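K.L.:
Got a structure for you, questions after.
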Amino acid sequence: MEFMKPGAFKENANVAMADENLRSAMTMLNGGMIPNRQGAVDRLPEFEKLSQRGRELKDHVLAHLDFYLEKFERHCKASGGHVHWCSTPEDARQAVLKICRSVNAKSVTKGKSMIAEEIHLNAFLEQHDIKPVETDLGEYIIQLAEEPPSHIIGPAIHKTKDQVSDLFLKHHAKLGRTERQTEPQKMVNEAREILRRKYFEAEVGITGANYLIAETGSSIIVTNEGNGDLTQTLPKIHIVVTSLEKVVPTLEDATTFLRILARSATGQEFSAYTTISTGARREGDADGPEEYHVILLDNGRSAMLGGELQDMLRCIRCGACMNHCPVYQSVGGHTYGTVYVGPMGAVLSPALLGVSGTRHLPCASTLCGRCEQVCPVSIPLPRLLRQWRERSFEAGDVPVAERWGLSIWAFFAKRPWLYGPCARLAMRGLAYLGRKQGRMRKLWFAGGWTRGRDLPAPEGQTFQERWAREKRKEQRKKVSG
Amino acid sequence: MANETSNGSSGAPTNVGLFATCLVDLFRPTVGFAAAHLIEGAGCRVHVPEQTCCGQPAYNSGDRRHAQQIARQVIETFEGYDYVVLPSGSCGGMIAVHYPDLFADDPEWNRRARALSAKTFELTAFLADVMKLDAAGLDAEYDGTATYHDACAGLRELGVKEQPRELLAAVEDLELAEMADTDACCGFGGTFCVKYGEISTDIVARKTANVVKTGADLLLAGDLGCLMNIAGRLKREGSSVQVRHVAEVLAGMTEETPPIGESFEDGS
Numbered sequence: 043m044e045f046m047k048p049g050a051f052k053e054n055a056n057v058a059m060a061d062e063n064l065r066s067a068m069t070m071l072n073g074g075m076i077p078n079r080q081g082a083v084d085r086l087p088e089f090e091k092l093s094q095r096g097r098e099l100k101d102h103v104l105a106h107l108d109f110y111l112e113k114f115e116r117h118c119k120a121s122g123g124h125v126h127w128c129s130t131p132e133d134a135r136q137a138v139l140k141i142c143r144s145v146n147a148k149s150v151t152k153g154k155s156m157i158a159e160e161i162h163l164n165a166f167l168e169q170h171d172i173k174p175v176e177t178d179l180g181e182y183i184i185q186l187a188e189e190p191p192s193h194i195i196g197p198a199i200h201k202t203k204d205q206v207s208d209l210f211l212k213h214h215a216k217l218g219r220t221e222r223q224t225e226p227q228k229m230v231n232e233a234r235e236i237l238r239r240k241y242f243e244a245e246v247g248i249t250g251a252n253y254l255i256a257e258t259g260s261s262i263i264v265t266n267e268g269n270g271d272l273t274q275t276l277p278k279i280h281i282v283v284t285s286l287e288k289v290v291p292t293l294e295d296a297t298t299f300l301r302i303l304a305r306s307a308t309g310q311e312f313s314a315y316t317t318i319s320t321g322a323r324r325e326g327d328a329d330g331p332e333e334y335h336v337i338l339l340d341n342g343r344s345a346m347l348g349g350e351l352q353d354m355l356r357c358i359r360c361g362a363c364m365n366h367c368p369v370y371q372s373v374g375g376h377t378y379g380t381v382y383v384g385p386m387g388a389v390l391s392p393a394l395l396g397v398s399g400t401r402h403l404p405c406a407s408t409l410c411g412r413c414e415q416v417c418p419v420s421i422p423l424p425r426l427l428r429q430w431r432e433r434s435f436e437a438g439d440v441p442v443a444e445r446w447g448l449s450i451w452a453f454f455a456k457r458p459w460l461y462g463p464c465a466r467l468a469m470r471g472l473a474y475l476g477r478k479q480g481r482m483r484k485l486w487f488a489g490g491w492t493r494g495r496d497l498p499a500p501e502g503q504t505f506q507e508r509w510a511r512e513k514r515k516e517q518r519k520k521v522s523g
Numbered sequence: 003m004a005n006e007t008s009n010g011s012s013g014a015p016t017n018v019g020l021f022a023t024c025l026v027d028l029f030r031p032t033v034g035f036a037a038a039h040l041i042e043g044a045g046c047r048v049h050v051p052e053q054t055c056c057g058q059p060a061y062n063s064g065d066r067r068h069a070q071q072i073a074r075q076v077i078e079t080f081e082g083y084d085y086v087v088l089p090s091g092s093c094g095g096m097i098a099v100h101y102p103d104l105f106a107d108d109p110e111w112n113r114r115a116r117a118l119s120a121k122t123f124e125l126t127a128f129l130a131d132v133m134k135l136d137a138a139g140l141d142a143e144y145d146g147t148a149t150y151h152d153a154c155a156g157l158r159e160l161g162v163k164e165q166p167r168e169l170l171a172a173v174e175d176l177e178l179a180e181m182a183d184t185d186a187c188c189g190f191g192g193t194f195c196v197k198y199g200e201i202s203t204d205i206v207a208r209k210t211a212n213v214v215k216t217g218a219d220l221l222l223a224g225d226l227g228c229l230m231n232i233a234g235r236l237k238r239e240g241s242s243v244q245v246r247h248v249a250e251v252l253a254g255m256t257e258e259t260p261p262i263g264e265s266f267e268d269g270s
């Protein structure tokens, strides 16, 4: 899935754009998430200041990442937790497996975790006869559909309500739910009742973390369904699957991000649940796991420190960049073929997976800049996309036709004395072709344009040509006058 | 010109280098004349030195070396003027925002790029912010309803948002009807529009739907790339909405040439 052939992005995009269900689901963005975010931002006068503070905090942590991670580890251990440092996805998977095996786990419940997606944990656990059960409603839906997430906060955003009704009927019928539900509340209740049993069967609960708190050794998750709380408190063991850059110095610092995260993501003031986990269950605690493990994944992140890509590590995974991206809105998340999608995915994926299999991602952008504008931690996404394009170009990883095209164009652009006459000739030709209609419906070398649009015809003469003639006329008038 | 503004105490006129941009030079010279007319109307002297492109196609394709070569040529050509004005936020942003970046490792060219950046303006921003042009300085009328598309680079790199609207408010009989998501990309994106033609078409179809919903009979913007894209799609959809560069309306030159993508032959 992750290493695509050149051209696969376009093929996926064409399939996606022809999918009426996807098109209807994606109207959620312009019709809901975008205005909701704007409303939430407008209602909080200090949003800009918080956002600035968040950016500074992240930059500070990234400059002292070793210090804060070691501090986190110390405090996590002091509260009875375990920290597992993992360089690669394989290290992380093995660490999870070892913990699961220590209690002979047959099933694990999972809260939403993008790092678990990044290391493809579900498939790995299944290979080892451990059944992962997604408890976040969106993740549950795509698990039933056997699909990857298409959005980092709304994994099933590409599904319409009708498709979910069908999925539930298909999978829940064998559990005695033979009536097709179409009311959203009834659908949620049905999923909830079915999932409720799973929490008690699982030996291990796996969640992600939105933040790791260095001063307390805690992890924080935010959810809207409360599924995370049940996932991490009911089973014997709680495993937090997370990555290096999630650490923040203090609990108070985390509140800065909490205030901008939900607003940027869904336009909520705050997520419905914000849960802090610190260590294992202590004597006298009403509930909680017997063991608390934190899997700290690097997977290429430490290599991003100190370079231009470091800015990407500020990302708080709100998804605003993809919600506002014109390309994402058209093609949806699956077209990208990677776990992280949209603008943040197009910048992050080449860093995590290598640029050779992912060079199409930074190219598939209009560089319109709306992603950077709405990013709550001001990641210069267009600049980073362009930087990947430069790296592929320098590595010679660009189609020959494109390279030649650019060279020929540059040859003329650098020689105005040659460019002028050639441009005049070419425009006369084009103007002749389009004179009658004022536009062309077809042009053999511009099929990419003319398949869905007409090409407006040029006026005929170039501006510089006409300007020079006007000036000569003025000169003559002056002389003769 | 009688109303030329002077540049400092020397009494010399304010000299503006007009960078028409390659698309205007090739496809729509009228926009260049409209820009020149407006800049002269604001009291400046307009110069059009020999020019080609700002280098953006190379820059956005990752071809930094060619982008630098072309940028050096543009800097040499235009650095002698008091201001550089472009009827495009995209090419204006290239010079004002990206040229200094292109020479981040070259102190001498970086200095020259920053100096040029400081005096480079998108047309409507130059007229409204620098020349403080107001209603009295414009002599234009358009009897109809227009809607304005905020082209991305002008909006987000140069802060062009209110300036064209302020100027359009001074056009007699023109009514402005804002469209939904006016700040959303039209899908042009330079070479993106041909490299990813289908996606680009899908994006512009969202834009034209919003244009048509306003009921306006004229779509305006400040970038010819976006305008050709939106006009091309509107025509393909069979829409009667006309498309023009904002400079054509502000300069009162709508009689001089048919709207973008419409026949040059009378009566057809």
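So the protein sequences, as listed, match chains W and A. Position one of the first sequence corresponds to residue 43 (my numbering), numbered consecutively onward. Position one of the second sequence corresponds to residue 3 (my numbering), numbered consecutively onward. We treat Cβ as the ideally placed atom computed from N, Cα and C, and that holds for glycine. Computed from a predicted model, the values in this text were never measured in an experiment.
For the stretch 316 to 333 of chain W against the stretch 392 to 405 of chain W, are there 3 or more C-beta pairs whose distance is under 8 Å?
P.N.:
The stretch 316 to 333 of chain W is not in contact with the stretch 392 to 405 of chain W.
K.L.:
Secondary structure at asparagine 17/A, three-state DSSP: helix, strand or coil?
P.N.:
Working through the second sequence from its first residue, we reach residue 17/A at position 15. If DSSP states are grouped into helix, strand and coil, asparagine 17/A belongs with the strands.
K.L.:
At a Cβ threshold of 8 Å, is aspartate 27/A touching chain W?
P.N.:
Translated into positions along the second sequence, residue 27/A becomes position 25. It does; some Cβ of chain W falls within 8 Å.
K.L.:
Give the interface partners of lysine 121/A over in chain W, defined as CB-CB distance under 8 Å, in chain order.
P.N.:
One-based indexing of the second sequence puts residue 121/A at position 119. None at all; the shortest Cβ gap to chain W is about 21 Å.
K.L.:
Histidine 68/A versus chain W: which residues are under 7 Å apart at the beta carbon?
P.N.:
Taking the second sequence and counting its residues from 1, one reaches residue 68/A at position 66. Under the 7 Å cutoff, chain W gives Leu448, Ala452.
K.L.:
Of the residues Glu501/W, Lys484/W, Glu432/W, which one's Cα is nearest the Cα of alanine 69/A?
P.N.:
On the second sequence, position 67 is the one that residue 69/A refers to. It is Glu432/W whose Cα lies nearest to the Cα of alanine 69/A.
K.L.:
I want to verify the contact list: residues of chain W whose CB lies under 9 Å from the CB of glycine 64/A, in sequence order.
P.N.:
Counting from 1 along the second sequence, the entry for residue 64/A is found at position 62. Residues of chain W passing the Cβ test: Pro404, Cys405, Arg428, Gln429, Trp430, Arg431, Glu432, Arg433, Ser434, Phe435, Glu436, Val440.
K.L.:
Check this for me: beta carbons of aspartate 496/W and isoleucine 421/W, under 8 Å apart or not?
P.N.:
Here residue 496/W is taken as the residue at index 454 of the first sequence, counted from 1. Here residue 421/W is taken as the residue at index 379 of the first sequence, counted from 1. No.
K.L.:
Find the nearest neighbour of alanine 38/A within the set Ser63/A, Arg246/A, His49/A, judged by alpha-carbon distance.
P.N.:
Locating residue 38/A in the second sequence gives position 36, where the first residue counts as 1. With distances taken between Cα atoms, alanine 38/A lies closest to His49/A.
K.L.:
Quick test of the definition: if touching needs 3 or more C-beta pairs under 8 Å, does the stretch 232 to 245 of chain A touch the stretch 75 to 92 of chain W?
P.N.:
No, the stretch 232 to 245 of chain A does not touch the stretch 75 to 92 of chain W.
K.L.:
Under 8 Å between the Cβ atoms of glutamate 124/A and glycine 94/A?
P.N.:
Counting from 1 along the second sequence, the entry for residue 124/A is found at position 122. Counting from 1 along the second sequence, the entry for residue 94/A is found at position 92. For glutamate 124/A and glycine 94/A, yes; Cβs fall inside 8 Å.
K.L.:
Use the C-beta contact count for serine 260/W: other C-beta atoms within 10 angstroms, 16 or more gives buried, fewer gives exposed.
P.N.:
By one-based count along the first sequence, residue 260/W stands at place 218. Label assigned to serine 260/W: buried.
K.L.:
So is glutamine 71/A in contact with chain W if we call contact Cβ pairs under 8 Å?
P.N.:
Locating residue 71/A in the second sequence gives position 69, counting from the first residue. Answer yes: the Cβ-Cβ gap between glutamine 71/A and chain W drops below 8 Å somewhere.
K.L.:
Can you give me the C-alpha to C-alpha distance between valine 162/A and glycine 227/A, rounded to a whole angstrom?
P.N.:
Within the second sequence, numbered from 1, the residue matching residue 162/A stands at position 160. Within the second sequence, numbered from 1, the residue matching residue 227/A stands at position 225. C-alpha separation (whole angstroms): 16 Å.
K.L.:
In chain order, which continuous runs of the alpha helix (DSSP H) of length 4 or greater are located wholly inside the stretch 183 to 225 of chain A?
P.N.:
Runs of the alpha helix (DSSP H) inside the stretch 183 to 225 of chain A: 194 to 197, 199 to 215.
K.L.:
Taking all protein chains shown into account, do 16 or more other C-beta atoms lie within 10 angstroms of the C-beta of aspartate 65/A, making it buried, or fewer, making it exposed?
P.N.:
Counting from 1 along the second sequence, the entry for residue 65/A is found at position 63. Counting Cβ neighbours within 10 Å, aspartate 65/A comes out buried, since at least 16 surround it.
K.L.:
For a test of the three-state rule: what should DSSP assign to valine 103/W, helix, strand or coil?
P.N.:
Numbered from 1 along the first sequence, position 61 holds the residue referred to as residue 103/W. Of the three classes helix, strand and coil, the one that applies to valine 103/W here is helix, per DSSP.
K.L.:
Whether or not the stretch 139 to 152 of chain A and the stretch 173 to 181 of chain A are in contact is what I'm after, with contact meaning three or more pairs of Cβ atoms, one per stretch, closer than 8 Å; do they touch?
P.N.:
Yes: at least three Cβ pairs fall under 8 Å.
K.L.:
Just to confirm, are serine 66/W and threonine 224/W a CB contact at a threshold of 8 Å?
P.N.:
As a first step, residue 66/W is located in the first sequence; it is residue number 24 there, counting from the start. As a first step, residue 224/W is located in the first sequence; it is residue number 182 there, counting from the start. Contact: no.
K.L.:
Which residues in chain W sit within 9 Å of glutamate 274/A, going by Cβ to Cβ distance?
P.N.:
Nothing in the structure corresponds to residue 274/A, since chain A is present only between 3 and 270.
K.L.:
Answer yes or no: does any C-beta atom of chain W fall closer than 8 Å to that of lysine 197/A?
P.N.:
Taking the first residue of the second sequence as position 1, residue 197/A is located at position 195. By this cut-off, lysine 197/A is an interface position.
K.L.:
Look at the Cβ atom of alanine 223/A, then the Cβ atom of alanine 130/A, and state whether they are nearer than 8 Å.
P.N.:
The residue you call residue 223/A lines up with position 221 of the second sequence. The residue you call residue 130/A lines up with position 128 of the second sequence. Cβ atoms of alanine 223/A and alanine 130/A: not closer than 8 Å.
K.L.:
Measure the Cβ-Cβ separation of alanine 455/W and isoleucine 72/A and say whether it is below 8 Å.
P.N.:
On the first sequence, position 413 is the one that residue 455/W refers to. On the second sequence, position 70 is the one that residue 72/A refers to. Yes; because the gap between Cβ atoms is below 8 Å, this pair is in contact.
K.L.:
In terms of alpha-carbon separation, which member of Phe312/W, Glu160/W, Ala58/W, Leu347/W lies closest to alanine 105/W?
P.N.:
Position 63 of the first sequence holds residue 105/W. The option with the nearest alpha carbon to alanine 105/W is Leu347/W.
K.L.:
Within 8 Å (strictly less), CB to CB, does threonine 259/A reach chain W?
P.N.:
What you label residue 259/A is simply residue 257 of the second sequence in a count that begins at 1. Interface residue, yes.
K.L.:
Taking only beta carbons into account, state which residues of the stretch 80 to 91 of chain W come closer than 7 Å to chain A, listed in chain order.
P.N.:
Those would be none; no residue qualifies.
K.L.:
Using the C-alpha atoms, what's the distance from lysine 288/W back to leucine 71/W?
P.N.:
Start at 1 with the first residue of the first sequence, and residue 71/W comes out as number 29. Start at 1 with the first residue of the first sequence, and residue 288/W comes out as number 246. Taking the straight line from one Cα to the other gives about 27 Å.
K.L.:
Using a Cβ-Cβ cut-off of 8 Å, state whether aspartate 61/W counts as contacting chain A.
P.N.:
Sequence index remark: in the first sequence, residue 61/W carries index 19 (1-based). With 8 Å as the cut-off, aspartate 61/W does not count as an interface residue toward chain A.
K.L.:
Going along chain W, which residues have a C-beta under 8 Å from alanine 249/A?
P.N.:
Counted from its first residue, the second sequence places residue 249/A at position 247. None at all; the shortest Cβ gap to chain W is about 12 Å.
K.L.:
Only counting runs of 3 or more residues, tell me where the beta strand (DSSP E) segments fall wholly within the stretch 318 to 403 of chain W, in order along the chain.
P.N.:
For the stretch 318 to 403 of chain W, whole beta strand (DSSP E) runs of length 3 or above, ordered along the chain, are 333 to 339.
K.L.:
Distance, Cα to Cα, alanine 50/W vs alanine 388/W?
P.N.:
Residue numbering aside, residue 50/W sits at position 8 when the first sequence is read from its first letter. Residue numbering aside, residue 388/W sits at position 346 when the first sequence is read from its first letter. Taking the straight line joining both Cα atoms gives about 15 Å.
K.L.:
Do you know how far the Cα of arginine 135/W is from the Cα of phenylalanine 453/W?
P.N.:
As a first step, residue 453/W must be located in the first sequence, where it is residue number 411. As a first step, residue 135/W must be located in the first sequence, where it is residue number 93. If you take the alpha carbons of phenylalanine 453/W and arginine 135/W, they lie about 52 Å apart.
K.L.:
As an exercise, report each continuous alpha helix (DSSP H) stretch of at least 4 residues that is fully enclosed by the stretch 47 to 127 of chain A, in chain order.
P.N.:
Counting whole runs of 4 or more residues, the stretch 47 to 127 of chain A contains the alpha helix (DSSP H) stretches 58 to 62, 66 to 80, 91 to 95, 101 to 104, 109 to 120.
K.L.:
In the DSSP assignment, find the beta strand (DSSP E) that holds aspartate 127/W and state where it starts and stops.
P.N.:
Along the first sequence, read from residue 1 onward, the residue named residue 127/W stands at position 85. Inspection of the sequence shows that residue 127/W is occupied by tryptophan rather than by aspartate. Residues 124 to 128.
K.L.:
When DSSP labels each residue in this structure, what does methionine 482/W get in the three-state scheme?
P.N.:
Here residue 482/W corresponds to residue number 440 of the first sequence, with the count starting at 1. Of the three classes helix, strand and coil, the one that applies to methionine 482/W here is strand, per DSSP.
K.L.:
At which residues does the beta strand (DSSP E) containing aspartate 145/A begin and terminate?
P.N.:
Position 143 of the second sequence, counted from the first residue, corresponds to residue 145/A. 143 to 150 is the extent of the beta strand (DSSP E) around aspartate 145/A.
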